[in-house]
Amino acid sequence: MPTVQKDIINKLQKDILAWQGFSAPTIAKANSIGLGPLEAAFPNGVFPTGTIHEMLCYNLTNTAATCGLLSGLVAALMAQGGTCIWIGTSRKLYPSALNAFGVDAARFIFIDVQRERDILWVMEEALKCEGLAAVVAEIREVSFAQSRRLQLAVESSKVTGFLLRTDPKKLSATTCMARWQVTPLPSELEGQMPGVGLPRWQVDLLRVRNGTPGSWQLAWTGDSFLSLDEQLHQHTFSTTRQVG
Amino acid sequence: MQKRFVSLWFRHLLTDWLTLRQPELQQVPFVVAAPERNRIIITATNLLAQQHGITTGMASADAKAVIPGLKVIDHLPEKVDQLLYRLGEWCIRYSPLIALDPPYGLIMDVSGCTHLWGGEQQYLDHLLNRFRTKGYDVQGAMADTVGAAWAVAHFGKADAIIAPNQHIEALLTLPPAALRLDQVSLERLRKLGFYTVKSFVSIKRTALRRRFGNDFLLRIDQAVGTVDEPLQVIHPIEAYHERLPSLEPIRTAEGIEIAIKTLLQNLCERLRDEGKGLRTAVLKCYRIDGGIVGAHIGTNRASNNTTHLFKLFALKIDSIEPALGIELFTLDAYKIEEVPQDQEVLWASDSCELESNDLAELLDRLGNKIGTENIKRYLPYESYWPERAIKKATSLTEKPATTWRTGRPRPSILLPCPEPIQVMFKLPDDPPVTFIYKGERHEVKKADDAERIECEWWQSKRPHRDYYVVEDNEGRRYWLFRSGHYTDEGAKWYIHGVFA
């Protein structure tokens, strides 16, 4: 393809993104979440904050892996301060584990709702509160209209919301920014050492609005994410990270 | 705080006042008398008349026989009460809590007031001298209890200050009348030969109760301080209460909204002036059919923000059933706290911290709809036992007393209670080779060494747990434990959590 046409297409893509509300990121904000090559899947190559993400948690191990990834993401979102609100009907997240992902669990507020239908109301109220780092809700079912309401709430407040979808049968189209699926991968220790190593996940982005879905492998090193795909291709990447 | 009370006794209240009004009375003995059962009985005397042996209760004819030309002034009904009330109001400059002690006394709660005058002695001197220079004959005393202060003011040495916790010794030498006993008891005590408090106070309570009744013991307890004596202060601190009657019965949601807004505006105006905010408020709606419906709100932080409080009530308007109509709305704020003065911050951070007002208001809204007990925050707790390693924070701003434990890994998901699993192991002290959980077989590929966690001995005598982090063939990581020692009979395996 001639370069002129490529430039035109790039420019058009940028324009479309701008009209859809994705402003080009400033340099300071770029790469702030630390997900490595996975961030390239998102528009402009930046993890989108101030929108709703959807994460599929069908079973216990899935949920645990998702909680791990989410804790790491929230840690990055809470680096600038703020609190996180976690809504659910049967919450099993263990606050003591959050410390390993660099989050102070004392800055989490857990809201245990008795009825499933209150979750959306609580989430919408929380999303309207400006300055919160993240709002997480464990929910079975969200209709398209309900997800649109949530999207409208975050557009003015710029809070990042996460929906943990716990029922695979109730999956439907939503306005969410991205749909994630996290599954645990066998851990590895260097030099065939015995024992269980760092948490590793297969992160699938099943759907990304204006982005490119794909599949990545990530590990948590204790203070940051480590991209395993990149490690395979670029050996220099891991030298800058500390394993521990 | 150590309670301190002052009792004042105006011995010639009415005559002193008359002397102030008519200075020519200063040099002559005079009495105030009122007709009673066809006799003129003296109700008050001045000091000069008293020195001639004239007392209250004497017939005025008898008194005139003692002092020829004694001036008798007609009694002024209710003047004494008025006078006492006015003196009480004047005393508010010395303490906010003043109670009347009819007929001729005042009781002041001076706890925490005296240092403003440089000490208790200076305080009492200042107070009494102000009255004396004005022309009132007053006696006062300060003590730990109302009863003791009263006793010393009336029967002890003048202007006495009983040091803290010394009031019982001070009472012992006083006559029984110092305990404010009724006339019958006093008479009986006199007949029995008890002339001082000391002589009967050490008698067994059952014996005293049998002879003198419960009131007698109550008076002793009040003087000693074992029983609290409530004061009826003349200017009680007003309750935070607002009323709004309606001309026409209100039946619509808009009407109720307007009523709540009006009530809140009035209440918040007062709260703002006093620098206070409410933590709980109760709205009551009196219906014309006699029923009372209402709503109750609570806040995480004292608030006097009308809009915010109205939002909390707005969530509950649906539950208010007006039926035939509501004729009266009342709003009570039962829990009031100081509102910290918000300082204007020049570079306020955008993020919503735990201390921020936005978060507190959000949680108020959520808590009033789904219940505040469902909103939780966890702090680390000094315990290795996983269920007890976290504790619920009591308030939004409570700081962790200890740090989060970092040594061994903890699972992202902790099951509400450990679930039993079937295991197979090669060596009894090793992690299992396979385990079956919910009908699914997991082959353990990797495992960490055991972490032994014992329950604190003062909590319960449960067996210790040996925790293992294991990873199965699909890379799923679990937290398993064996309850008890492997040689024990009841040693069982459980799954307790799932790692990320």
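One line per chain: the protein sequences are A and B, in this order.
Per the working numbering, the very first residue in the first sequence carries number 967; after that it's consecutive.
Per the working numbering, the very first residue in the second sequence carries number 905; after that it's consecutive.
Using N, Cα and C, we set each Cβ at its ideal position, and we do this for glycine too.
This structure is a prediction, so every number in the text was calculated from the model and none was measured.
- Between the alpha carbons of Ser-1037 (chain A) and Asp-1189 (chain A) lies a distance of about 11 Å.
- At least one C-beta of chain B is nearer than 8 Å to the C-beta of Ser-1062 (chain A).
- In the structure shown, Lys-1038 (chain B) adopts helical secondary structure according to DSSP, grouped into three states.
- Of all residues in the stretch 1065–1080 of chain A, the ones placed with a Cβ closer than 9 Å to any Cβ belonging to chain B are Asn-1065, Ala-1066, Phe-1067, Asp-1070, Ala-1071, Ala-1072, Arg-1073, Phe-1074, Ile-1075, Phe-1076, Ile-1077, Asp-1078, Val-1079, Gln-1080, in chain order.
- Taking Val-1014 (chain B) as the centre and dropping the five residues before and after it, the same chain places the C-beta of Arg-908, Val-910, Ser-999 closer than 6 Å to its C-beta, in chain order.
- Closer than 8 Å at the C-beta level to chain A, one finds these residues of the stretch 1351–1376 of chain B: Ala-1351, Asp-1352, Asp-1353, Val-1373, Val-1374, Glu-1375.
- For Gln-1147 (chain A), no alpha helix (DSSP H) run applies; the uninterrupted beta strand (DSSP E) run containing it begins and ends at 1144–1151, by DSSP.
- At a cut-off of 8 Å, the C-beta of Asn-1204 (chain B) has no neighbouring C-beta in chain A.
- Taking C-alpha positions only, Val-1162 (chain A) is separated from Asp-1084 (chain A) by approximately 40 Å.
- If you check the CB distance, Val-1056 (chain B) and Ala-1067 (chain B) do not come in under 8 Å.
- Using beta-carbon distances, Glu-1104 (chain A) does not count as an interface residue toward chain B, since no partner is under 8 Å.
- Taking 8 Å as the cut-off, the Cβ atoms of Ala-1103 (chain A) and Gly-1054 (chain A) count as close.
- Interface with chain B (8 Å Cβ-Cβ cutoff): Ser-1153 (chain A) is included.
- Annotated as proximal: Gly-1034 (chain A) and Ala-1404 (chain B), with beta-carbon spacing under 8 Å.
- For Gly-1044 (chain B) against Leu-1028 (chain B), the beta-carbon gap comes to about 6 Å, under 8 Å, which counts as contact.
- For Pro-1244 (chain B), not one C-beta of chain A is nearer than 8 Å to its own C-beta.
- By the Cβ test, the stretch 986–1001 of chain B is not in contact with the stretch 958–967 of chain B, since fewer than three Cβ pairs between them sit closer than 8 Å.
- Close to Ser-1223 (chain B), with beta-carbon spacing below 9 Å, lies no residue of chain A; the smallest spacing is near 15 Å.
- When the alpha-carbon of Leu-1031 (chain B) is set against those of B:Thr-1049, B:Asp-1048, B:Met-1012, the nearest one is in B:Met-1012.
- According to the DSSP assignment, Cys-1172 (chain B) belongs to no beta strand (DSSP E) but to the alpha helix (DSSP H) extending over 1157–1177.
- The Cβ atoms of Asp-920 (chain B) and Tyr-1040 (chain B) sit closer than 8 Å to each other.
- Apart from sequence neighbours up to five positions away, the residues of its chain that approach Thr-947 (chain B) with a beta-carbon distance below 7 Å are Val-936, Ala-937, Ala-938, Thr-960, His-979, ordered along the chain.
- Thr-1310 (chain B) is positioned such that its CB atom lies no closer than 8 Å to that of Lys-1239 (chain B).
- Measuring C-alpha to C-alpha distances from Arg-943 (chain B) to each of B:Ala-967, B:Ala-1351, B:Ala-1293 identifies B:Ala-967 as the nearest.
- Spanning the alpha carbons of Glu-928 (chain B) and Gln-986 (chain B) requires a straight line of approximately 23 Å.
- Within chain A, not a single residue places a beta-carbon under 9 Å from that of Glu-1323 (chain B); the smallest gap is close to 11 Å.
- From the beta-carbon of Cys-1050 (chain A), no residue of chain B is found nearer than 8 Å; the closest lies around 10 Å away.
- Counting along the chain, Asn-1261 (chain B) sits inside the alpha helix (DSSP H) bounded by residues 1261–1274.
- Secondary structure at Glu-1355 (chain B): strand, using DSSP grouped into helix, strand and coil.
- Proximity of Gly-1097 (chain A) to chain B, defined by a Cβ-Cβ separation below 8 Å, is satisfied.
- Residues of chain A with a Cβ closer than 7 Å to the Cβ of Gly-1009 (chain B) do not exist, since the nearest Cβ in that chain sits about 56 Å away.
- Secondary structure at Arg-1292 (chain B): helix, using DSSP grouped into helix, strand and coil.
- Residues of chain B with a Cβ closer than 7 Å to the Cβ of Ala-984 (chain A) do not exist; the shortest Cβ-Cβ separation is about 23 Å.
- Contact annotation: in the stretch 1013–1032 of chain A, residues whose CB is within less than 7 Å of a CB in chain B are Leu-1026, Thr-1027, Thr-1029, Ala-1030, Ala-1031.
- Beta-bridge analysis with DSSP links Trp-1383 (chain B) to B:Val-1373, B:Gly-1401.
- Using a Cβ-Cβ cut-off of 8 Å, Thr-1301 (chain B) does not count as an interface residue toward chain A, since no Cβ of chain A sits closer than that to its own.
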